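Enquirer: As given, the protein sequences belong to chains X and A, one line each in that order.
Each residue of the first sequence is one higher than the one before, starting from 3 at the first, in the numbering used here.
Each residue of the second sequence is one higher than the one before, starting from 206 at the first, in the numbering used here.
Virtual Cβ for every residue (Gly too), placed ideally from N, Cα, C.
The structure displayed is predicted, hence computed values, not measured ones.
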Amino acid sequence: MFSHGMLRAGVVLALGCLILMAAWSQEAPVLVAAPAVTINTNIDDPKEPLKDSLSERGSHNFSDMGSWIWETNTYDRQTVRFWRSFEIPAGATVSRARLRITADNEYILHLDGRELGRDAEWRHLYEYDITSLLEPGQHVLAVEAYNSSREAGFMFGMQVGLASGRVLKIKSDSSWLIVPEDVPGWENKTEPADSWRPATVENAFGLGPWGVMDYIDLVPPMQPTFIPFWQTTWFQVLILSVCGIVCLVSFSLATQLLLQKKEKQLLLHERARIARDIHDDIGTRVTQLVLQGEVAQSELPCGSKTRARLEQISEEAREVLLAMDEILWAINPRRDTLHEFSTFVCGHAQTFLKATPIQCVLDVESGMSAEAFDLPFRRSLLMAVKEALNNAAKHSGATELLLKIHRRGTGLIVAVQDNGKGFDPLQVKAERNGLANMNQRLTEVGGSCRVTSQPGKGCRVEFNIPFVQMRRQGWWSNWRSSRRYARPSPSQPATRNL
Amino acid sequence: MSKPAKDSHPVKFSTKSPLKIALVEDQPKVRDNWNQLINSFPDLSCVCLCKTGEEALRLIPEARPDAVLMDIFLPRMSGIECTSRLKALMPEVRIIILTAMNDEELVFMALEAGADGYLLKRTKPADLRMALLDVLTGGAPMTSEIARRVVESFRLKAKTRDESLRLSAREEQILLLLAKGHSNKMIADNLEISVDTVCHHLKHVFEKMHVSSRTEAVVRYMASKKPADS
C-alpha cells in the first residue's frame, strides 16, 4: 500500500536532514555569553605607572575612557539610543579587544545587532572582552541607555589591538549618533540616516556629578560556542514536525486498520444476525409446517389422496429446510473455519451418497480445528465438491468413493476419488460434465482443479486452494474486496461469492 | 456409576403397555404437533408436556417416562443444561435432543451433557419412532462427525480422566471407522465381529461419556444451584 512507501520516504528524508545538518553545523558556530560577573576591588591611588586596559584586565588606567555623553535635552524616564560603526581593516588580525561601559542609569550593549550585556549601576565600570567577536570588516556598536531621573550620561571606551601592533581606540564622544525612537531594528543598521544627530558631550571622565568609578566589573570573555545541531531550535522544530507527521501518518493508518477491522466485525455480526433470523424465524416456521403436515396426514385414513398430497408437501418443506441448512452454514461466521468446512462437506457427501449405491469413505486430516477459512473459499469449494460428487453419482457407476481433505504444504487439498468406470479426459467435452464449472469456481478464489482419470480405473478430482491466497484475500486486501462486494462490477457477479 | 435404580423401567417396545414419552418444548404449536404425532403410534404415549427446562426438572421425575424429547433451545435454562440436570436426577431416563437445524457442535455438547441421541425436528414420524426405539435399546445413532468429536474429546481429556473412563483400543478403533464414514455393518465385517458387538461397544462409549460428563456436570452445577434431590 502507499503508506509503506510514504513511511520509507519519510525515514530517508529525516536521515538526509540529519546528515546535512551535521555537515552544516561544523561551519556555523553560535555565540553564547557566559553570564558570570567578577567584581574588581576598590580603586587605590596609583603608585606606579598603570598598564592600560588593553594589556591588563580591570586596569585602573582610565586613559582609554571617553566623555559622558547624552542627548541635548535630559529628562526623567528618558531612553537614548547611541549608535556608532567602526571598521577593522581587511587582512588585519585582532590580537585583543576590550571595552568598558557604564551609564546613568542603565544600558544595553549591542555589537553587530547582538546583545552583549546590560547593567544598571553608574558607580561601576563594566569591562567586556570581545577579542573573539571582531573580524575584519565593518562593525556596529549600539547602546540603549535609560535615565530614570535627574542627571543622565553614557560613558564608553574601547581598545582593539591588532597583530600589527596598531591599536584602534573608540571612546564616547560626539562621533556617536543618537537614533530617534521610531527606527525599528536600529541596532542592526549598518548605515546611519541623515536624521541621526551627534551626541552631546557633557563632562570628561571623572568630572561632573559621577566622579571616578569605584568598581570595575569584569564580564567573562565572550566565546564562540558550538551548539550541536540537535540542540538548535530549528532542528528541534524540524524533528518535532517530522515526528508529528510520522505520528499523524501512523495514526491515520491505525484508524484505517481499525475501521477495516470494525467493518469486518460488522459484516460478521450482520452475517450472524441474518443466520439467527433465518434459523429462528423461517426455520422454526417451516419445521412447524412439516409437523403440521405430518399431523394432518396422521388424521387421514391410509391411502387417501389428500394424505399423499400432504406427504408431498411435508417432503417439499423438508427439502426447503435442507437447503436452508446449507445457506445457514454459508452465512454463519461461526462456520468460517477449516474444521467446519470439512465437517459440512463430509456430512453432505454422506447424506448425498446415501441415496446411491456408492459407499462413502472419508479421510480427513485431524487437527484442522480453528484455522480460518473464509466464506468465499468454503462456498466455492463446497460447490465444486458437490459438482464432483454429482458427477460420480451420475456417471461413474462406482461402488466406493473416497473423500479426502488434508493440508499439503502450502494449501488445502480436497480430493474426490471413485472406483468407477472412469473416462478418457481428452475425449470428454469439458462443458458436459461440469469440469469447466469446477475449474471456474476454483480459479475465482485463486485455487486450481485437476482431474485424472483412465477408462476402467476410476476418476480422481483434486481441488487445491493455496493458504497464501486465503490469507491475503482474507484480511490484507480485505477492504478492497469489501468494496467489491459493495459495488460489484458487471464482470464480477457478486452473488456468486455471497 | 450409572447403575439403573432398583425399580427401573424395563425397556420393552413390543408389549401392551406403550412407552412413556415426555416432551420439553417451549413453542406451543410444535409441542401440540409432537404430542399428537407421538400419540398417533399405538406403542408410544406422551405422558408429560413441559414448556421450560425448569418445569421439566419438576414434572419429569414424577412422571417417570422412559424417554424424554428435549428441545435444544429453551428460554433461560437451555436444553443442554436441562439434560445434564435431569440425568443427574434420573440416570436411567433416555434423553433425545431435538434440533431445528443440523448443528453437530450443539449436538455433541448435548451428548456430552448426557443426551442419548438426537433428532431433527423435521424427522419423519416413522423415523422418530425407530430412533426412539433404538435409543431405548441402547443403540444410539452416531454420525461420522460425532464419532470424530468423541475421539478427539476423549483424547483431549485422557490425562485428567481415570482409567475406567478412557476409550478402550477397540472402542477407539470402531469410532475411527465410524468417522471414516463406515456403517456399523461395514465395521463389523472389517473387524470380523458381529453388528451387535459393534453396538455394544458404542453403548459403552456413550456410557463413558455420560458418566464422565455427569461427574463434571455435577461439580459444575452444584456450585451454581443445588438441584432438588429425588
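Residue ranges of each beta strand (DSSP E) run of no fewer than 3 residues wholly in the stretch 357-403 of chain X, ordered along the chain?
Expert: 361-366
Enquirer: Of the residues X/Gly93, X/His281, X/Ser368 and X/Ala310, which one's Cα is nearest the Cα of leucine 164 of chain X?
Expert: When the alpha-carbon of leucine 164 of chain X is set against those of X/Gly93, X/His281, X/Ser368 and X/Ala310, the nearest one is in X/Gly93.
Enquirer: Would you please verify whether the beta carbon of valine 347 of chain X is less than 8 Å from any beta carbon of chain A?
Expert: no
Enquirer: Distance, Cα to Cα, threonine 304 of chain A vs isoleucine 415 of chain X?
Expert: Their Cα atoms are separated by approximately 32 Å.
Enquirer: When you measure from the CB of asparagine 190 of chain X to every non-hydrogen atom of the ligand SAH, does any distance come out below 7 Å?
Expert: As presented, the structure is devoid of all ligands, the ligand SAH included, so that no description of it is given.
Enquirer: Could you tell me which uninterrupted alpha helix (DSSP H) segments, each at least 4 residues in length, are contained entirely in the stretch 223-287 of chain X, listed from first to last along the chain?
Expert: As far as the stretch 223-287 of chain X is concerned, its whole alpha helix (DSSP H) runs of at least 4 residues are 235-279.
Enquirer: Consult DSSP for glycine 284 of chain A and reduce its assignment to one of helix, strand or coil.
Expert: helix
Enquirer: By Cβ distance, which residues of its chain are closer than 8 Å to leucine 228 of chain A, with the 5 residues on each side in sequence left out?
Expert: Excluding residues up to 5 positions away in sequence, Arg236, Trp239, Asn240, Ile243, Cys251, Cys253, Leu254, Cys255, Val273 and Leu274 lie with their Cβ nearer than 8 Å to the Cβ of leucine 228 of chain A in the same chain.
Enquirer: Report buried or exposed for arginine 275 of chain X, applying the criterion of at least 16 other Cβ atoms within 10 angstroms of its Cβ.
Expert: exposed
Enquirer: Shortest alpha-carbon distance to glutamate 183 of chain X belongs to which of X/Leu293, X/Ala195 and X/Asp420?
Expert: X/Ala195
Enquirer: Does the CB of aspartate 365 of chain X have a neighbour CB from chain A at under 8 Å?
Expert: yes
Enquirer: Would DSSP call phenylalanine 359 of chain A helix, strand or coil?
Expert: helix
Enquirer: Rounded to whole angstroms, what is the Cα-Cα separation between proline 186 of chain X and arginine 83 of chain X?
Expert: In a straight line, the C-alpha of proline 186 of chain X is about 12 Å away from that of arginine 83 of chain X.
Enquirer: Short check: CB of leucine 264 of chain A to CB of aspartate 248 of chain A, under 8 Å?
Expert: no
Enquirer: To the nearest angstrom, report how far apart alanine 433 of chain A and leucine 294 of chain A are at their CA atoms.
Expert: Its pLDDT being 41, under 50, alanine 433 of chain A is placed unreliably in this model, and the value from its coordinates should be taken loosely. The alpha-carbon of alanine 433 of chain A is positioned some 8 Å away from that of leucine 294 of chain A.
Enquirer: Could you tell me whether the Cβ atoms of isoleucine 71 of chain X and phenylalanine 156 of chain X are closer together than 8 Å?
Expert: Yes, they are a contact pair.
Enquirer: Report the three-state DSSP secondary structure of aspartate 332 of chain A (helix, strand or coil).
Expert: Three-state result, aspartate 332 of chain A: helix.
Enquirer: Please check if any C-beta of chain X sits within less than 8 Å of the C-beta of arginine 327 of chain A.
Expert: yes
Enquirer: Since tryptophan 331 of chain X is in the alpha helix (DSSP H), which residue starts that stretch and which ends it?
Expert: Its alpha helix (DSSP H) spans residues 307-333.
Enquirer: Should alanine 261 of chain A be flagged as near chain X, meaning a C-beta pair shorter than 8 Å?
Expert: no
Enquirer: Identify the continuous beta strand (DSSP E) that holds threonine 81 of chain X and give its terminal residues.
Expert: 80-90
Enquirer: I think threonine 288 of chain A touches alanine 268 of chain A, with their Cβ atoms under 8 Å apart; what is that distance to the nearest whole Å?
Expert: Here threonine 288 of chain A is actually not in contact with alanine 268 of chain A; their C-beta atoms are around 16 Å apart, not less than 8 Å.
Enquirer: Inspect the beta-carbon positions of proline 223 of chain X and threonine 133 of chain X and report whether they are closer than 8 Å.
Expert: yes
Enquirer: Under 8 Å, do leucine 302 of chain X and alanine 319 of chain X count as touching if we go by C-beta distance?
Expert: no
Enquirer: DSSP three-state label for lysine 406 of chain X, please.
Expert: strand
Enquirer: Check whether the Cβ atoms of valine 355 of chain A and valine 410 of chain A lie closer than 8 Å to each other.
Expert: yes
Enquirer: Taking only the alpha-carbon atoms, compute the straight-line gap between phenylalanine 379 of chain X and leucine 17 of chain X and give it to the nearest angstrom.
Expert: For phenylalanine 379 of chain X and leucine 17 of chain X, the distance between alpha carbons rounds to 45 Å.
Enquirer: Under a three-way DSSP split, which group does glycine 2 of chain X fall into?
Expert: The requested residue 2 of chain X does not occur in the structure, where chain X is confined to residues 3 to 500.
Enquirer: Verify the CB distance criterion: does valine 297 of chain X have a CB-CB separation below 8 Å to chain A?
Expert: yes
Enquirer: When DSSP labels each residue in this structure, what does serine 289 of chain A get in the three-state scheme?
Expert: helix
Enquirer: To the nearest angstrom, how far is it from the Cα of glutamate 58 of chain X to the Cα of leucine 220 of chain X?
Expert: 11 Å
Enquirer: Give the interface partners of proline 330 of chain A over in chain X, defined as CB-CB distance under 8 Å, in chain order.
Expert: Glu296 and Ser300
Enquirer: Quick one: list the residues of chain X neighbouring methionine 306 of chain A, beta-carbon separation under 7 Å, in chain order.
Expert: His281, Gly285, Asp327 and Leu330
Enquirer: Assuming threonine 76 of chain X and alanine 154 of chain X form a contact by the criterion Cβ under 8 Å, report the distance between their Cβ atoms to the nearest whole angstrom.
Expert: 5 Å
Enquirer: Roughly how many whole angstroms lie between the Cα atoms of glutamine 140 of chain X and phenylalanine 88 of chain X?
Expert: 6 Å
Enquirer: Please name the residue in X/Val162, X/His112, X/Val366 and X/Cys362 whose C-alpha comes closest to that of alanine 147 of chain X.
Expert: X/His112
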